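Chemist: Numbered by the numbering used here, the letters in the sequence shown go through residues 13 to 381 in order. Mind looking over this structure? Questions follow.
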Amino acid sequence: MAFGKIPSELYRPIFWHLSQDLKSLAAICLSSSALRADAEARLYEQLVDLDLRTQLLLHRTVTTLPRLAQLVRRYAHREEWSEFFQVPIDSGLVDKDIDKRFWEIHIPEMLRAFTNLKTLILRRTGGAECAEVLTGCQFQLNTFSWGSCNTEIYLMPFLETQPQLVGLHVFWREDMPMPSSNDLRELISFVASSFYTVVVFLPGRNIQHLSWESDIEDPDQNELVREIPKYPGLGDAFRNLISLCVGGYFSGPSFEALIPFLPKLEVLEIRGTAIQSPRSLKDLPALRGVLFFGPSFFPDDRGDRKKLVDELFGQNTKLEFIFTAIQDGDTMLWYATTEQWERGTGSNPTRIIDPDDARIILQDMSGIP
13 MAFGKIPSEL YRPIFWHLSQ DLKSLAAICL SSSALRADAE ARLYEQLVDL DLRTQLLLHR
73 TVTTLPRLAQ LVRRYAHREE WSEFFQVPID SGLVDKDIDK RFWEIHIPEM LRAFTNLKTL
133 ILRRTGGAEC AEVLTGCQFQ LNTFSWGSCN TEIYLMPFLE TQPQLVGLHV FWREDMPMPS
193 SNDLRELISF VASSFYTVVV FLPGRNIQHL SWESDIEDPD QNELVREIPK YPGLGDAFRN
253 LISLCVGGYF SGPSFEALIP FLPKLEVLEI RGTAIQSPRS LKDLPALRGV LFFGPSFFPD
313 DRGDRKKLVD ELFGQNTKLE FIFTAIQDGD TMLWYATTEQ WERGTGSNPT RIIDPDDARI
373 ILQDMSGIP
């Protein structure tokens, strides 16, 4: 049977399975004109953390063939996460100015070509400022993650052009312009990299999902109790939250200070040392799922751990899942194992899973977009 006569519902699932295999999708594009359109759509739909050689080829392609550039829906470039610089020095592709030229020429031209982009994730090495690359972009994003921790004078003017944003990740400094109350009205999911960023963006918006990555300058437990009332609308904004992830590399404030402001909270992730005792969760009446990820608050002994789990299920009547990620004594080394405890399933965890799989379960529970 010729490829042109094969129903698309038979081969499109194969292309979906190959979404991370760019070489195979590219080979299909070159080998079959009948399959090319569907293969190209899958090949260019998501471009995530590509190496330097692929990025340069991509730049040449999308700037000369607008049809292909318009297929891109998700673009992520996080230099510290990718193999961006892992190419031979004698290949002719690498020189001391490659990073500067890539951000000044290649990235801006590609972004201007991606007119149908919906998700953009950018981080330059070391979080260096580079928001000028966003100038002149015509896309309307749903999700935007910005990895710079420096002052970015171009960032707010760009955000003002993105009224459809529902998910945002930024770090805001006090010397950056404040967004107006009319900006970003559709936001429901927000990742903040400091308490000040929370203060800037939460009040006045119906944000339901917050990930608060603690910063070294964030207030401690006692300071947070005093700080929240200082900002009009901040306490009410916390009361809208359905899901919350709190903690991070820096210890930040203890989670207990936020509990009085979280009557609707259904899903919680605690990272690092952001909680003094799991028993404080009894004051979260709507809690359905929790992930403890960081220095363990649970006993090493399985029997003692089971007693604590039973206590948590007993005090929180709506709690369905408890996930406990296991970590060794070094705060920089995380085990990739998580115990899943489920209400009513006996004296042992129901399974051992990856922490990211636990997060997917919790996201589905809370409706995080």
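Cβ coordinates follow ideal geometry from the N, Cα and C atoms, glycine included. Keep in mind it's a predicted model, so treat the numbers as computed, not measured.
Straight-line CA distance for A370 to E351?
Modeler: For this step, residue 370 is matched to residue 358 along the sequence shown. For this step, residue 351 is matched to residue 339 along the sequence shown. If you take the alpha carbons of A370 and E351, they lie about 9 Å apart.
Chemist: Rounded to the nearest angstrom, what separates F183 and N328 at their Cα positions?
Modeler: The count along the sequence shown starts at 1 and reaches residue 183 at position 171. The count along the sequence shown starts at 1 and reaches residue 328 at position 316. Straight-line Cα distance between these residues: approximately 34 Å.
Chemist: Is the segment 114 to 125 touching the segment 163 to 181 in the sense that three or more CB pairs, one from each, lie closer than 8 Å?
Modeler: Segments in contact, no.
Chemist: Taking just the CA atoms, how far does S266 sit from D232?
Modeler: Counted from its first residue, the sequence shown places residue 232 at position 220. Counted from its first residue, the sequence shown places residue 266 at position 254. Taking the straight line joining both Cα atoms gives about 7 Å.
Chemist: Which two residues bound the contiguous alpha helix (DSSP H) that contains S266?
Modeler: Stepping through the sequence shown from its first residue, residue 266 is reached at position 254. Run containing S266: none; DSSP gives neither H nor E here.
Chemist: Let me know if P78 comes out buried or exposed under the rule of 16 or more other beta-carbons within 10 Å of its beta-carbon.
Modeler: One-based indexing of the sequence shown puts residue 78 at position 66. With fewer than 16 Cβ atoms within 10 Å of its Cβ, P78 is classed as exposed.
Chemist: If you count every other CB in all the chains shown that lies within 10 Å of the CB of N154, and 16 or more means buried, which is it?
Modeler: As a working note, residue 154 is residue 142 in the sequence shown. Burial call: buried.
Chemist: Using the DSSP secondary-structure output, state which residues sit across from E354 in a beta bridge.
Modeler: One-based indexing of the sequence shown puts residue 354 at position 342. Beta-bridge pairing links E354 to F333.
Chemist: On the DSSP bridge list, what partners appear for H221?
Modeler: Here residue 221 refers to the residue found at position 209 when the sequence shown is read from its first residue. S201 and S255, per the DSSP bridge assignment.
Chemist: Taking the Cβ atom as the reference point for each residue, do I219 and F207 lie within a distance shorter than 8 Å?
Modeler: In the sequence shown, the residue the question calls residue 219 occupies position 207. In the sequence shown, the residue the question calls residue 207 occupies position 195. No, Cβ-Cβ distance for I219 and F207 is not below 8 Å.
Chemist: Quick one: grab the DSSP three-state call for E186.
Modeler: Working through the sequence shown from its first residue, we reach residue 186 at position 174. The answer is coil: DSSP assigns E186 none of H, G, I, E or B.
Chemist: If you reduce the DSSP assignment to three classes, tell me which class Q152 lands in.
Modeler: Taking the first residue of the sequence shown as position 1, residue 152 is located at position 140. Looking at Q152 - three-state DSSP - the assignment turns out to be coil, as it is neither helix nor strand.
Chemist: Can you tell me where the alpha helix (DSSP H) with Y208 in it begins and where it stops?
Modeler: As a position in the sequence shown, residue 208 is number 196, starting the count at 1. Note, Y208: alpha helix (DSSP H), F207 to F213.
Chemist: Got a sec? Which residues, its chain only, sit under 8 Å from K276 by beta carbon, not counting five neighbours each side?
Modeler: Reading the sequence shown from its first residue, position 264 is the one you call residue 276. Counting only Cβ-Cβ distances below 8 Å, and skipping sequence neighbours, we find R251, N252, L253, I254 and A298.
Chemist: Less than 8 Å between the C-beta atoms of G284 and G260, yes or no?
Modeler: Against the sequence shown, residue 284 aligns to sequence position 272. Against the sequence shown, residue 260 aligns to sequence position 248. Yes, the pair counts as a contact, with Cβ atoms nearer than the cut-off.
Chemist: Quick check: what's the CA-CA separation for F151 versus T131?
Modeler: Within the sequence shown, numbered from 1, the residue matching residue 151 stands at position 139. Within the sequence shown, numbered from 1, the residue matching residue 131 stands at position 119. The alpha-carbon atoms of F151 and T131 are separated by roughly 10 Å.
Chemist: Please report how far the alpha carbon of R86 lies from the alpha carbon of R197, in whole angstroms.
Modeler: Counting from 1 along the sequence shown, the entry for residue 86 is found at position 74. Counting from 1 along the sequence shown, the entry for residue 197 is found at position 185. Spanning the two alpha carbons is a distance of roughly 22 Å.
Chemist: Got a sec? Which residues, its chain only, sit under 6 Å from L222 by beta carbon, not counting five neighbours each side?
Modeler: For the purposes of this step, residue 222 is taken as residue 210 along the sequence shown, with counting starting at 1. Excluding positions up to five away in sequence, the list reads F202, L253 and L256.
Chemist: In whole angstroms, what separates the C-alpha of A53 from that of L47?
Modeler: In the sequence shown, the residue the question calls residue 53 occupies position 41. In the sequence shown, the residue the question calls residue 47 occupies position 35. Approximately 10 Å, taken between the alpha carbons.
Chemist: How many angstroms separate the CA atom of R65 from the CA atom of R363?
Modeler: Within the sequence shown, residue 65 is the residue found at index 53, counting from 1. Within the sequence shown, residue 363 is the residue found at index 351, counting from 1. Distance between the alpha carbons of R65 and R363: 41 Å.
Chemist: Grab me the residues of S193's own chain with a C-beta within less than 8 Å of its C-beta, minus the 5 sequence neighbours each way, in chain order.
Modeler: Here residue 193 refers to the residue found at position 181 when the sequence shown is read from its first residue. If we look at S193 and ignore the five residues flanking it on each side, its Cβ neighbours are G216.
Chemist: Out of curiosity, what's the CA-to-CA distance linking P361 and L270?
Modeler: Residue mapping note: residue 361 aligns to position 349 of the sequence shown, counting from 1. Residue mapping note: residue 270 aligns to position 258 of the sequence shown, counting from 1. Roughly 29 Å separates the two Cα atoms.
Chemist: Hey, A125 and T75 are a contact pair by Cβ (cut 8 Å); roughly how many whole angstroms apart?
Modeler: What you label residue 125 is simply residue 113 of the sequence shown in a count that begins at 1. What you label residue 75 is simply residue 63 of the sequence shown in a count that begins at 1. Contact flag correct, Cβ pair sits at about 6 Å.
Chemist: On the premise that E332 lies in contact with R300, defined as a C-beta separation below 8 Å, what is that separation, rounded to the nearest angstrom?
Modeler: Position 288 of the sequence shown, counted from the start, is the residue given in the question as residue 300. Position 320 of the sequence shown, counted from the start, is the residue given in the question as residue 332. Right, the Cβ-Cβ distance comes to about 5 Å (below 8 Å), so this counts as a contact.
Chemist: Check F126 in the structure and name its three-state DSSP category.
Modeler: Locating residue 126 in the sequence shown gives position 114, where the first residue counts as 1. Of the three classes helix, strand and coil, the one that applies to F126 here is coil, per DSSP.
Chemist: In the DSSP output, which residue or residues are listed as bridge partners for Y87?
Modeler: Counting from one through the sequence shown, the residue named residue 87 turns up at place 75. According to DSSP, Y87 bridges with L59 and L132.
Chemist: Output needed for G341: all residues of its chain with C-beta closer than 6 Å, excluding positions within five of it in sequence on either side, in chain order.
Modeler: Here residue 341 refers to the residue found at position 329 when the sequence shown is read from its first residue. The predicted position of G341 is uncertain, since its pLDDT is 49 and thus under 50; no value can be drawn from it.
Chemist: Within the continuous alpha helix (DSSP H) that includes F170, where are the two ends?
Modeler: Along the sequence shown, read from residue 1 onward, the residue named residue 170 stands at position 158. Taken as a continuous stretch (DSSP letters only), the alpha helix (DSSP H) holding F170 covers L167 to L171.
Chemist: Per DSSP, what kind of secondary structure is V302 in: helix, strand or coil?
Modeler: Mapped onto the sequence shown, residue 302 falls at position 290. V302: strand per DSSP, three-state reduction.
Chemist: Return helix, strand or coil for I110, following the three-state DSSP convention.
Modeler: Start at 1 with the first residue of the sequence shown, and residue 110 comes out as number 98. In the structure shown, I110 sits in a helix (DSSP, three-state: H, G or I).
Chemist: Closest to E278 by CA distance: which of L59, R314 and K294 is it?
Modeler: As a working mapping, residue 278 is identified with position 266 in the sequence shown. Residue K294 is the option with its Cα nearest to E278.
Chemist: In the structure shown, what three-state DSSP assignment does L180 receive?
Modeler: Taking the sequence shown and counting its residues from 1, one reaches residue 180 at position 168. Of the three classes helix, strand and coil, the one that applies to L180 here is strand, per DSSP.
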